[in-house]
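Chemist: Take 53 as the starting number for the sequence shown in this note's numbering and just add one per residue.
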Amino acid sequence: MRENIDTQHFVTQWLESRTGKVPNIVVLTGAGISAESGLQTFRGAGGLWCGHRVEDVATPQAFIRDPVLVHQFYNERRKGLFGDDVASNPAHKALADLQQNWLGEVTIVTQNIDDLHERGGSDDVIHMHGEICKSFCTHCREKVEQKEDSSIEDICSSCGKKGSMRPDIVWFGEMPYDMDIIEMKLAQTDLFISIGTSGNVYPAAGFVFMATNAGAKTLEINLEPSMNAQIFTHGMYGTASTEVPRFTKALIEAVD
Ligand code: OAD
53 MRENIDTQHF VTQWLESRTG KVPNIVVLTG AGISAESGLQ TFRGAGGLWC GHRVEDVATP
113 QAFIRDPVLV HQFYNERRKG LFGDDVASNP AHKALADLQQ NWLGEVTIVT QNIDDLHERG
173 GSDDVIHMHG EICKSFCTHC REKVEQKEDS SIEDICSSCG KKGSMRPDIV WFGEMPYDMD
233 IIEMKLAQTD LFISIGTSGN VYPAAGFVFM ATNAGAKTLE INLEPSMNAQ IFTHGMYGTA
293 STEVPRFTKA LIEAVD
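1) Can you tell me the Cα-Cα spacing of residue 181 and residue 63, whole angstroms?
2) Can you give the beta carbon distance from residue 109 to residue 125, rounded, assuming they're within the 8 angstroms contact cut?
3) Tell me the rounded alpha-carbon separation between residue 276 and residue 61.
4) Put residue 249 into one of helix, strand or coil per three-state DSSP.
5) In the DSSP assignment, what are the bridge partners of residue 189?
6) Grab me the residues of residue 201's own chain with a C-beta within less than 7 angstroms of its C-beta, minus the 5 sequence neighbours each way, in chain order.
7) Which term fits residue 224, buried or exposed, when burial requires 16 or more other beta carbons within 10 angstroms of its beta carbon?
8) Which residue comes first and which comes last in the alpha helix (DSSP H) that contains residue 295?
9) Give the DSSP bridge partners of residue 111, in chain order.
10) By DSSP's criteria, residue 61 is part of a beta bridge. Which residues make up the other side?
11) Can you name the start and end residues of the beta strand (DSSP E) that residue 132 belongs to?
12) Near residue 199, what residues of its chain come up, given a Cβ to Cβ distance below 7 angstroms and the 5 sequence neighbours on each side ignored?
13) Where does residue 231 sit, in a helix, a strand or coil, going by DSSP?
14) Compare the C-alpha of residue 220 against each of 211, 179, 239 and name the closest.
15) Comparing alpha-carbon positions, which option in 244, 303, 210 lies nearest residue 79?
16) In angstroms, rounded to a whole number, what distance separates the CA positions of residue 270 and residue 136?
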């Protein structure tokens with residue numbers, strides 16, 4: 053089992069190694085950061101995602117085969133996100149606080165399709181796997197906000213085509229969004245923090261290698277060591293709602 057870092061010691065050493073430069077930070081988040089907000093993670097329940105096989109609901113082929121099922125699936129997830137018991141948690145808020153109080157740049161990249169970073173106060177979050185509160189037209193590519201249920205009857209408000217709207221989700225076999233920006237930020241980062249992700253899905257699972265190549269320290273914060281744990285220079289293991297605020301507080305206090 054990997055040892056948890058001594059937070060103060062890590063922060064002091066890291067900042068000392070970066071003198072003469074305002075350090076930049078890239079944060080990658082996954083389903084684990086939203087688990088304590090009441091949203092199910094992906095790989096908790098026998099490989100099924102809310103009772104469905106990924107191939108039946110999260111691939112372009114699934115949408116061609118059974119668009120009604122796919123719309124229904126994401127409608128349920130969207131409704132779940134707006135349930136009374138779902139809210140951002142201290143980990144989302146701590147990252148927003150870090151963005152507002154850090155002198156350098158803090159880039160948040162999330163694999164999550166929920167809006168809990170935004171509800172926690174973060175701006176400019178890169179949603180590399182898309183957003184459940186958006187749809188786009190497969191005909192003219194126009195993107196729209198999607199707070200209500202979507203269906204195969206929907207008409208694109210831009211080109212007027214019926215049946216062309218789909219959830220703005222990056223499905224398996226599709227290219228994640230903003231990879232050029234993410235790669236640029238990773239190439240310039242001094243610290244890469246991966247939070248609540250199992251390290252199963254590429255390209256996100258490979259970001260730690262890019263940050264390492266850039267000379268950055270790499271920290272995993274997760275409930276337990278992930279598949280990639282040994283690749284990170286450091287680890288903090290526990291719930292995101294406890295560990296993330298503990299770490300960001302130490303960072304902010306160190307530069308106050
Ligand atoms: P996973 O479900 O694969 O992994 C969630 C990780 O969070 C696991 O390592 C858990 O140990 C950890 N975890 C659970 N509860 C936690 C807590 N309270 N605090 C901290 N960590 C906790 O989810 P992702 O890695 O996000 O892709 O999955 C990556 C991608 O696979 C998703 O974006 C999705 C999925 O298929 C697409 O839909 C394209």
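All C-beta atoms in this analysis are idealised placements derived from N, C-alpha and C, irrespective of residue type, glycine included.
Small disclaimer: the values here were computed from a predicted structure and weren't measured.
Modeler: Result, derived from the coordinates:
1) 31 angstroms
2) 4 angstroms
3) 22 angstroms
4) coil
5) 217
6) 127
7) exposed
8) 292-307
9) Per DSSP, none; premise fails for residue 111.
10) None, per the DSSP bridge assignment.
11) From DSSP, residue 132 is part of no beta strand (DSSP E) but of the alpha helix (DSSP H) over 119-133.
12) 185
13) helix
14) 179
15) Answer by Cα proximity: 244.
16) 36 angstroms
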